[in-house]
Structure formats: structure tokens, C-alpha cells
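Numbering (our numbering), first residue to last: 501 to 844. Glycine included, every Cβ here is placed at the ideal spot set by N, Cα and C. Read through the structure below, which is laid out as C-alpha cells, and then see the notes.
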Ligand code: SAH
């Protein structure tokens, strides 16, 4: 079976020709795919053509298996099922400025960060570009009755996007296709644990996405305690790659910093972090660490979060505490999938 979802309009056009149909059918099918349609719904194709194509190609490779909506803030946690039975998670968040969707880029993850649930069983496989797009298409279909669509996307679900570089870049390029979903790349954030060479590669792609870096520590020593990737690249190397990204794209970089009591949350750590980031075109997102049952890491009191934030702000570092959404429907990120696959 050929997965058409991750193809460009030109590629689908070539493909329909190999199936014995005229080129203009390519654009029609491409448009339908980006509207989330299955072959059966492509009403401008003949029934016979739809049935023929269905035998050889896939258009919607992702389906919603489970959906939980928060009565408090309307956040929706989604468990998507892929064609091989694997599952990945997504979260749909409603803001004043629009609807933001968190998508996954791999089934599982091999980066091994100690605080993260997605990495507990390692990486199972990479998602295709079509599957990443499919996650958005599913969410758009859920929003259809409200007559709204996903306006912002964050690559912060399971997986390390820069460990699946080719598919992620293909996915990002699809956003720019004329007849497609047309999500502005400026509304897309890509979060990485800091795979330095790939950060340089991304800066050269001409794709102005917001780069987010999971820093989580003010020193290499502390970072190495929770993030294995810190044994490969130092904070200094990461910051140099960020400066390059800022120069090349003109976009500020966002640093994510999950606070864990007894590890990285003291005032002195906030001072160290301020010194690291001084003068850089960046923003810090503070996240109280979500405690993952299988991991021995502590969360943090709100009071300490506010104190940490205050130090950064006093040092003129742009920083905010990330709002937590959908807390009432499932614990930490990655927990919904675990619950389903382990049957607990
Ligand atoms: N692999 C990418 C993107 C996926 S994780 C990355 O590392 O950035 C998205 C964000 O959630 C990252 O900043 C990650 O460090 C953070 N995260 C993972 N587990 C967390 C937890 N238990 N509490 C708080 N943040 C967590």
C-alpha cells in the first residue's frame, strides 16, 4: 500500500499517472487528503476510481482511538492509533488566539530522559510525515462541528523530532503546499533535547519554525543527571547552535526548564541560568515537573516556581511559567498511552 498522506501535490500527481489516471486528479486527491477525507468521501472522483485507488493506497493513516475532554478548560487528550496498531498521544489545547495541537513524532523515544514517560520502552519506530499530518487532520475533523481548526502545532508529543529528521522536515514542507493545510510555519514549534548537528541542519532548511530546546539544567553536571544526551553535547555547544539558529532564521529560541525539587530549582540555579542566557534572543518556559510514577523524580511547590521565575525576571530574562492544561483528565505527558498499552 502507498501512503499518499505524506506526499506533495506534485508527487501525488505523478502517482495517479502511474495508476492510469489523468494528472489533474492528483490535485483533487491532494486537496481532499488535507481536508481529512477518506477515499469514500472524495465526491468528485467516480465510484470506480475511488474503489480502485482504495486497493492500492492509504489516505488517512491515523485514527482516534480514545478521547478525553477536560470539563475545566476544554483540553482534549487524544490517543491515536496507527495502521500497525501502535499508538501515540496528542493534546489539543484551546487558547484565546486559537487551537494548539501537540503532536508526536515517534512511537516511544530513545533519548532516555529520566523524567519522561515516553522513553520508558525506548523507541518503537519513527512516524512518517503522513502520520504527523494525519494527527492534525484527525484533530481538525473533531473540531469540524465547532467550525474551527488547529491553528498552532507543537512537536512536543512522544519522540525526538530531530532523531526523525527527514520525516519531520518533509512534514514541515507539506505545511507550505499551496493546496494543502497551509499552517503557518511561524505557528509551529519544534522541541528538541538538543541534538546539536541537527539543530545546525534545521537552521539551513529555510523553515521558520520556533525552535524549543529542553534545557532543564543550568550546568552540564546537573543536566547529565537526567538527560543522557548531555553526555554527547555540552550546554555551551547547544547555546552556540541556538545562536546560529537565531542568526539564520531571525526567530527567538525557547528554552524549556522543568523544575524538580532537590535537582535544579534553587535560586542559585536561576542565577546560573540567567548568566548563561544573558543577551540572547530567547524566552524561558518554566514547567513544574510532572511526576511520572515509574520515575524517582520530585515535583515542586508553586512558591518555589514563582521564586525561580522572579530571579530570571529580575535578571531581565524573558520567562513565564507554562500554564498546565488538562491536568484533571490524565497525569503527566505520556501517561495515557502507558495506561492503555500496559492495561493498568
Ligand atoms: N524530545 C523532545 C520533545 C518531546 S518532550 C524534547 O526533548 O524536547 C516535550 C517537553 O516535555 C520536553 O521539554 C520534555 O523535556 C518535557 N517533559 C517530558 N517529561 C516531562 C515531565 N515529566 N515533566 C515536565 N516536562 C516533561
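In this chain, the beta strand (DSSP E) harbouring residue 582 covers 576-582. Excluding residues up to 5 positions away in sequence, 759, 799, 800 and 805 lie with their Cβ nearer than 7 Å to the Cβ of residue 788 in the same chain. Residue environment analysis places residue 749 among the buried positions, since at least 16 neighbouring C-beta atoms fall within 10 angstroms of its C-beta. Taking a cut-off of 8 Å for Cβ pairs, the region 600-611 and the region 628-645 touch, as three or more such pairs fall below it. Residue ranges of uninterrupted beta strand (DSSP E) with 3 or more members, entirely inside the region 758-825 and ordered along the chain, are 782-788 and 819-821. Sequence-distant partners of residue 625 (beyond 5 residues in either direction) whose C-beta falls short of 6 Å from its own C-beta, in its chain, are 607. Ranked by how close their Cα comes to the Cα of residue 516, the residues 550, 577 and 645 have 550 in first place. Inter-segment contact for the region 700-715 and the region 660-676 is present: three or more beta-carbon pairs are separated by less than 8 Å. For residue 513, the secondary structure class from DSSP, reduced to helix, strand or coil, is helix. Cβ contact annotation for residue 547 (same chain, cutoff 7 Å, sequence separation greater than five): none. Contact between the region 728-737 and the region 757-774 is absent: fewer than three C-beta pairs spanning the two stretches fall below 8 Å.
Shown here, residue 755 sits in a strand according to DSSP, grouped into three states.
Here residue 623 is buried. Its C-beta has 16 or more other C-beta atoms within 10 Å. In the structure shown, residue 503 adopts extended strand secondary structure according to DSSP, grouped into three states. Taking the CA atoms as reference points, residue 807 sits about 11 Å from residue 821. A direct Cα-Cα distance of roughly 20 Å separates residue 747 from residue 715. Of the residues 573, 711, 502 and 773, the one whose Cα lies closest to the Cα of residue 628 is 502. With a cut-off of 7 Å, the C-beta of residue 542 is classified as distant from the ligand SAH, since no heavy atom of the ligand falls inside that distance. Residue environment analysis places residue 764 among the buried positions, since at least 16 neighbouring C-beta atoms fall within 10 angstroms of its C-beta.
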